[in-house]
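So the working numbering is basically just the index in the sequence shown, starting at one, shifted up by 8. Just so you know, even glycine gets a beta-carbon here, dropped at the ideal spot from N, CA and C.
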Amino acid sequence: MSIAGIDSESLRLMARVLTLHYIEGKLQSEVATELGLSSAKVNRLIKRGRELGMVHITINSPFQPLFELERKLSMRWDLRYCSVVAAVTGNAETTLNQVGKQAGEMLVDSIRDGDTIAISGGKALGAVIDNLSVDRAYDVNVAPMTGGVQGQHYTDVNHIATRLADKLGGRATLIHAPLHADTPAERDLLMSVRAVRDVMDISRKAAVAVVGIGSVVGPNATYYVAQPLPESERIKLVERGVRGEFLGHLINGDGSLAKTELNSRLVALPPQEAMSIPIRIGVASGEEKVGPIMAALNGGYINALVVDDHTAETVLESEVRVA
């Protein structure tokens, strides 16, 4: 829109209104009184001035780069919510705690009394709970979306569910089945058990989900903590396009489920079914999580993300290279 054709007196009045409102900080009603105009006319002049490009707002804040990363991530993957926190250079654990704290705040902002919260297990969920702070008790139920992992007490889904319920003042529904069955037939049998089936039904109808995103590359790849595999098998999976783990399921870079028998032995809610949950918060931090985050985003498995800025930048840079 151009100022050509607008007489100088109108432009002068518009500029005066904009100065009083934006520079001197006066309310529109105060501007109207001072200039002898109606509030409606002041509102129109402000709107027209913005449309003409007469207003340029600059916010100087250390948070602006983080907000810009949130905007880019949200636009690229159509996220409902996104929060990026500043990484603590050289301290991955502190960074994860910062991410966990922010994810906890997002969770509390998203829940209401009577809600069910569906969760996965994992270290990221532990960081959420460790740094969670609430000012009242919530009447919520916390339910697992996967079976448990033997020998991993502190990151096991039942332990996580119990801790989160205790922190929120709610209650937990526990699952009594392993995440990994020995065969597809055993998996089908376990999933048919009413107690297991009921937990999956509860999670499927949750209002909010909070999930970790597992890595499949590197010495600290979290997927292999629960499902040990020889290095040769790990390499084959990556060569076939596997980039991450979501609810125990191996997923390819484009978000599709990997075609592997490992996925057919899982006692877990299928990622596609988890997509019926309205708010699905993914929590992750670290370079090894870049591929898994992209895979989960590409699959649409999460519609909210909490991540650190270094990881967020690498995700966006990697997306540009892939495109």
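- The beta-carbon distance between V216 and I287, rounded to whole angstroms, is 5 Å. This is short enough to meet the 8 Å contact definition.
- Counting only runs of 4 or more residues that sit fully inside the stretch 255-322, the alpha helix (DSSP H) segments are 279-282, 298-307, in chain order.
- Nearest to N271 by alpha-carbon distance, out of M283, I14, S284, G252, is G252.
- In the three-state reduction of the DSSP assignment, A214 falls in the coil class.
- According to DSSP, residue pairing for H188 in a beta bridge involves L274.
- The stretch 65-83 makes no contact with the stretch 97-104; the number of CB pairs closer than 8 Å stays below 3.
- A Cβ-Cβ distance of about 3 Å is found for the pair A135 and G108, placing them in contact under the 8 Å criterion.
- Segment contact: the stretch 305-323 against the stretch 228-242, fewer than three CB-CB distances shorter than 8 Å; contact not assigned.
- I221 sits away from G112, with the two beta carbons spaced by 8 Å or more.
- Taking a 10 Å sphere around the C-beta of N105, we find 16 or more other C-beta atoms and assign the residue as buried.
- Taking D164 as the centre and dropping the five residues before and after it, the same chain places the C-beta of G129, G156, V157 closer than 6 Å to its C-beta, in chain order.
- Bounds of the alpha helix (DSSP H) holding I168 are 165-176.
- Around the beta carbon of A173, 16 or more other beta carbons sit within 10 angstroms, so the residue counts as buried.
- With respect to A214, A126 sits close: the two C-beta atoms are nearer than 8 Å.
- I243 is positioned such that its CB atom lies no closer than 8 Å to that of T124.
- Cβ atoms of L258 and T268 come within 8 Å of each other, at about 6 Å.
- Excluding residues up to 5 positions away in sequence, V25, Q36, V39, A40 lie with their Cβ nearer than 7 Å to the Cβ of V50 in the same chain.
- Its chain contains E295, V298 as the residues whose beta carbon lies nearer than 8 Å to that of T322, once the 5 sequence neighbours on both sides are disregarded; these appear in chain order.
- By the CB criterion at 8 Å, I119 and K175 fall outside the cutoff.
- Looking at the DSSP output, A180 sits in a beta bridge with V150.
- Within 10 angstroms of the beta-carbon of N149 lie 16 or more other beta-carbons, which makes it buried.
- Excluding sequence positions up to five before and after R179, its CB lies within less than 6 Å of the CB of N149, A173, all in the same chain and listed in chain order.
- Around the beta carbon of I31, fewer than 16 other beta carbons lie within 10 angstroms, which makes this residue exposed.
- The continuous beta strand (DSSP E) containing Y89 extends over residues 89-93.
- One thing to note: M114 has its Cβ no nearer than 8 Å to the Cβ of V275.
- With respect to the C-alpha of M153, the residue from S47, P186, L140 having the closest C-alpha is P186.
- Relative to the Cα of D317, the nearest Cα in the group F75, M208, S326 belongs to F75.
- Spanning the alpha carbons of T170 and H188 requires a straight line of approximately 21 Å.
- In its chain, beyond the 5 residues on either side, E78, L81, S82, L313 have a beta carbon closer than 6 Å to the beta carbon of C90.
- Residue burial is scored here from C-beta neighbours: P279 has at least 16 other C-beta atoms within 10 angstroms and is therefore classed as buried.
- Counting the other CB atoms within 10 Å of its CB gives P300 a total of 16 or more, which places it among the buried residues.
- The C-alpha of H29 is placed about 40 Å away from the C-alpha of E325.
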